[in-house]
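Novice: Take 1 as the starting number for the sequence shown in UniProt numbering and just add one per residue.
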Amino acid sequence: MTNMHFNKKLFIPIGLFSGMIVLASMTFIQQPPQQQRVDPPITNLKVLPKKLTFKQVDHIMDNWAAALGVKCNFCHERNADGKGMNFASDAKPEKQMAREMYVMAAKLNKKYFKGEKDSLGVAKLSSVNCYTCHNGVAHLETAIWPKRGDAPHPPAPGMGAPAGQPAPQGGGR
1 MTNMHFNKKL FIPIGLFSGM IVLASMTFIQ QPPQQQRVDP PITNLKVLPK
51 KLTFKQVDHI MDNWAAALGV KCNFCHERNA DGKGMNFASD AKPEKQMARE
101 MYVMAAKLNK KYFKGEKDSL GVAKLSSVNC YTCHNGVAHL ETAIWPKRGD
151 APHPPAPGMG APAGQPAPQG GGR
């Protein structure tokens with residue numbers, strides 16, 4: 001009788017444990033296989049190397065956006081349904097300007113800085129890049145430089161001589 005009583009005590013925990021294993025295995029079986037995210041194809045590259053992956057282009061665009069202090073919609077328009085960006089579209093003039101600026105920087109780097117490129121074929125950060133001039137500002141201030149020998153232009157409003165000193169006379173040289 002003690003054997004029968006002992007077996008009844010084991011039967012309940014073993015049954016519960018077996019039930020948990022069966023239920024756990026069923027949840028794994030019912031799960032559909034996870035689909036890997038497929039990156040969208042890269043289209044309409046005109047100045048960047050064509051061999052770049054989506055992740056590489058995305059990284060480059062993140063750097064350009066940070067250098068100008070902007071987001072993707074500065075150069076790219078939204079899809080017609082309003083969801084996501086239409087990266088292939090050339091509708092925004094800022095995109096063409098970005099291409100022209102990239103080509104300009106590449107020419108400067110080739111002429112003055114050996115034109116070194118990184119493993120992706122993009123100008124190295126140690127050379128001229130977007131941040132060199134923009135410093136996080138999308139639209140640069142323009143200045144009218146005086147012709148040689150001309151007196152300097154008056155300072156901008158609120159910009160007096162340093163520390164209350166009188167403004168320089170003549171050509172400022």
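Note that beta-carbon positions come from the ideal geometry of N, C-alpha and C, so glycine has one too.
Work out the CA separation of Val122 and Gln56 for me, nearest whole Å.
Specialist: 10 Å
Novice: Let me check understanding here. Comparing Cα to Cα, which of Ala106, Pro146, Val137 lies closest to Val128?
Specialist: Ala106
Novice: Quick one: grab the DSSP three-state call for Lys9.
Specialist: Residue state, collapsed to three classes: helix.
Novice: Glu77 bridges to which residues according to DSSP?
Specialist: Asn86
Novice: What separation, rounded to the nearest whole angstrom, lies between the Cα atoms of Ala66 and Lys147?
Specialist: 35 Å
Novice: So the alpha helix (DSSP H) Thr43 belongs to, where does it begin and stop?
Specialist: It is not in any alpha helix (DSSP H) - Thr43 carries neither H nor E in the DSSP assignment.
Novice: So what does DSSP say about Thr53, is it helix, strand or coil?
Specialist: coil
Novice: With DSSP collapsed to three states, give me the class of Asn109.
Specialist: Of the three classes helix, strand and coil, the one that applies to Asn109 here is helix, per DSSP.
Novice: Count the CB pairs spanning the stretch 84 to 94 and the stretch 9 to 23 that are closer than 8 Å, and state whether there are at least three.
Specialist: no
Novice: Run the CB neighbour count on Glu141, radius 10 Å, all protein chains shown included, and call it buried at 16 or more, exposed below.
Specialist: exposed
Novice: Measuring straight from C-alpha to C-alpha, what distance separates Met61 and Val22?
Specialist: 49 Å
Novice: I want to know whether the stretch 42 to 50 touches the stretch 107 to 114 - three or more CB-CB distances under 8 Å.
Specialist: no
Novice: With 16 other CB atoms within 10 Å as the buried threshold, where does Ala98 fall?
Specialist: buried
Novice: Taking the straight line between their C-alpha atoms, what separation do you get for Glu94 and Lys117?
Specialist: 24 Å
Novice: Rounding to the nearest angstrom, what Cα-Cα distance links Lys91 and Thr53 in this structure?
Specialist: Correcting the residue identity first, residue 91 is Ala in this sequence and not Lys. Taking the straight line from one Cα to the other gives about 23 Å.
Novice: Hey, how far is the Cα of Ser18 from the Cα of Met26?
Specialist: 12 Å
Novice: Which residues bound the alpha helix (DSSP H) around Cys133?
Specialist: 130 to 134
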